[in-house]
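Here is the structure we will look at, set down as structure tokens.
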Amino acid sequence: MGEFEVHRVRFFGLVPAGVRCLACPPRGSRLALARTDGAVEVWNCAANYFQEKVIPGHEARSVEALCWAVGERLFGAGLSGEITEYDLGRLRASCSLDGGGGPIWSMAANSSGTQLAIGCEDGSVKLFQVVPGGIQFERNLDRRKGRILCLSWHPSDTHIAAGSIDAFRVLDVSSGQTVQRIMVNYQVQKVKRECVVWSIAFLSCGTVVTSDSFGRVQFWDWERGTLLESHTVSTSAVLSLAVSEKEDSIVVGTSTGATYQFQLLPVKMGSLEKRWVRTKPFQHHTHDVRAVAHSSTALISGGLDAQLVIRPLMEKIQKKSYDAALRKFTFPHRRLVSCARKARLLLFQFSQHLELWRLGSTDETGKDGEVLPLCRMPEHLLQLKSKGPEHIYCSCVSPCGGWVAYSTASRFHLYRVQYEGDSISIKKVPKVPKLLSPAYQLQFSSDSSSLFVASARGSVHVLQLLEPGGCRHLHTLRPPSGCPEAVYLLAPSADGHWLAAVGGDWVIHIYNLKCFKHHCMVPTYDCAVSAVAIHPVTNNLVIAYSDQQLFEFSIPKKQYTAWSRTVQNCGLHKLWLERDSPITHIAFNPKNPSHILLHDTYMFCVLDKSLPLPDDSAPLMNQSTLKQLPESMRQRQLHAFKICKKFQPLLFADLLDENCLVMVERPIMDIKTQLPLPVQQKKFGT
């Protein structure tokens, strides 16, 4: 693997926002997620649960509910009182309409996705028609006192169940009238506190399922107004509820961080009579589970601890495989850290500000694994605050450290940074081209003379950086066949000759920067691209996909390399393919051109192309074992993958020079100390 001096960075104070709501279409492969900071994400379940789209948050926009409508259109609503449609191609809010009832607490689409119902602060339920280009108000349903906290359509679209405080109502969609009102606490004597109906579901058999602040999951016959079953699952609130498409399974989330599954099972073997049984408790979260979803193969939950947890339904798994593994996602699948290698600076991206740090240094040398004392401590040089309510889309620092750029939804900013001894000065570059906002990805050239700006419809703008502090637009690169999606990954070559751009349609385009023309397109592969980089010596493009496959494409020859064909013929190691965290960064070692440096959240890997690929019988992570073997035996055990799992969770890793690495970690416990205290639970023996 070779020896590197490692800068282990743990001062990136990122605290991911909690999960507020989820939306999973019955037969779709996409999962929509909204966070407490207003950000909206789209995860592709078919692409190994890859976070393929992120629409950054907005200080004035909270998202209390998400739902998918006809044509895979995504809508959100929140306490601003507006219903917003999201443009998933350009990653922004495309249009908004005031709901007319104050803050919106809930929203649901009918079975065909052509109508939206919203629950408002003023106690009204309003219907909207989904039309081309937006939505259109249709009519109000019967209004009663009390905010509408949750909604659910009957599968036949004839009725809507609406949950409130102490009661829920059933409304007839055609007449708009309330046909049943049920008090959820009528059977409890001397109730001293109000009961909040947090979540509701309407089953095709006519049963209404509610979860409430008393920790109960209750099943109601809405026509008779009677309670069928009641299950107390928690001493605190049950905040969320979701039903499977076949209506034989329910998942609920509580304020203690626990999730529970209910299944509809026969009373006894062979009996036609069935009852709901609480079958499986899970404790994967530490804080409120505000959102749950039930796909055809998994139970999905999101908590205020920022974790997205996917637990497969084991009864749906035919054989033991990777599909049966539990998955937890805390950190984004995109870059929040950029590095100025020559200046040894790190730029950290937060929701509304950037931080520029200078790495520490040491004069000491030591043995493998030894921690060296610093002669110069890491230094916080600069905090750059973004004005306005919009959150930052992307950011980057140039390799020389003299330029910093970032973008929000409506504004692109470029700054010139100058260093004089221990002092630092920063100046905003005026009159940047207006066609640059929003930028979806930013990347400087290796000589810091150009800036590449990823834009909408597959286009990339090329800026020339001018001294002492200016820029001019050189060219706009566009794919020859067009592209409806925004570019989300960029990779320039070290010699300034080539640029690789990846769009939301997962197609990789290569451009010649000498003549600003489209060079070629990498053969399409049916999976999301998670990372790309161009080798500084060979100009080969190394591609990592979300299903953990690796490809190497020769840009000059416009074809896959011989090594890449060998990888596809022999296949990668089973344990490598079973990893659930995608490769998020690729780098190269100039001292050894056969080395490719890769990392995901839980491992750092040096891939040595000069060594043979391991087969499934060989141990993949064998570095500690190799150290203990004599030299003669060690040579027989060598293979291409050299994996280190010492640094976790790993948000960024890069090579500063041929002997020096920087690793940026964000320990989970550091995040938890900054979260509010969870609901305390009594544990046996304490």
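FYI, the numbering for the sequence shown is 186 to 871, going by our numbering.
The beta-carbon is built from N, C-alpha and C at its ideal position, and this holds for glycine as well.
Everything numeric in this text was worked out from a predicted model, so none of it was measured.
Per DSSP, D222 lies in no alpha helix (DSSP H) and is assigned neither H nor E. Comparing C-alpha distances from E652 to each of G242, V614, L735 shows the shortest one belongs to V614. Annotation: the continuous beta strand (DSSP E) that includes E267 extends over 267 to 272. W761 sits in a helix when the DSSP states are folded into three classes. For D839 and L760, the gap between their C-alpha atoms comes out near 24 Å. The beta carbon of G361 is closer than 8 Å to those of R324, N325, L326, D327 in its chain, skipping five residues each way along the sequence. Rounded to whole angstroms, V589 and R601 show a C-alpha spacing of 7 Å. T769 sits buried, since 16 or more C-beta atoms from the chains shown fall within 10 Å of its C-beta. Relative to the Cα of I728, the nearest Cα in the group F637, A685, S359 belongs to A685.
When Cβ pairs closer than 8 Å are counted between the two stretches, the stretch 622 to 632 is seen to touch the stretch 667 to 675, the count reaching three or more.
Bridge pairing for W542: L531, H565 [DSSP].
With a contact defined as Cβ atoms closer than 8 Å, I367 and V394 miss out at about 12 Å.
Taken in chain order, the unbroken stretches of beta strand (DSSP E) that lie wholly in the stretch 293 to 364 and span 3 residues or more are 300 to 305, 310 to 316, 319 to 325, 335 to 338, 344 to 348, 352 to 357. Looking at the DSSP output, V687 sits in a beta bridge with L674, I693.
Counting only residues of its own chain and dropping the five nearest sequence neighbours on each side, P618 has a CB closer than 7 Å to the CB of H658. Apart from the 5 residues on each side of it in sequence, A713 sits with its Cβ closer than 7 Å to the Cβ of N229, A232, F235, E237, W691, Y730, S731 in its chain, given in chain order.
In the three-state DSSP reduction, N233 falls in the coil class, being neither helix nor strand. Cβ atoms of V315 and Y271 stay farther apart than 8 Å, at about 13 Å.
For M848, the enclosing beta strand (DSSP E) has its first and last residue at 845 to 850.
According to the DSSP secondary-structure assignment, A525 is paired through a beta bridge with L530.
With respect to the 8 Å criterion, T593 and S571 are classified as neighbours on the basis of their beta carbons.
Per the Cβ contact rule, the stretch 559 to 566 is not in contact with the stretch 515 to 523 (fewer than 3 Cβ pairs under 8 Å). At the C-beta level, I333 and G304 come within 8 Å of one another. If only complete runs of 3 or more residues are kept, the stretch 587 to 674 shows the beta strand (DSSP E) at 588 to 592, 597 to 605, 608 to 613, 626 to 629, 635 to 639, 645 to 651, 655 to 662, in order along the chain. By the C-beta criterion, the stretch 839 to 853 is judged to be in contact with the stretch 767 to 784, since at least 3 inter-stretch pairs fall below 8 Å. Straight-line measurement puts the Cα of D800 at about 8 Å from the Cα of C755. Between A483 and P466 a beta carbon distance of about 17 Å is seen, past the 8 Å cut, so the two are scored as non-contacting.
Leaving aside the five residues that flank G223 on each side, the residues in its chain whose CB is nearer than 7 Å to its CB run, in chain order, G242, H243, R246, S247, V248. Annotation: the stretch 772 to 840 contains the following complete segments of the alpha helix (DSSP H) (minimum length 4 residues), in chain order: 808 to 813, 816 to 822.
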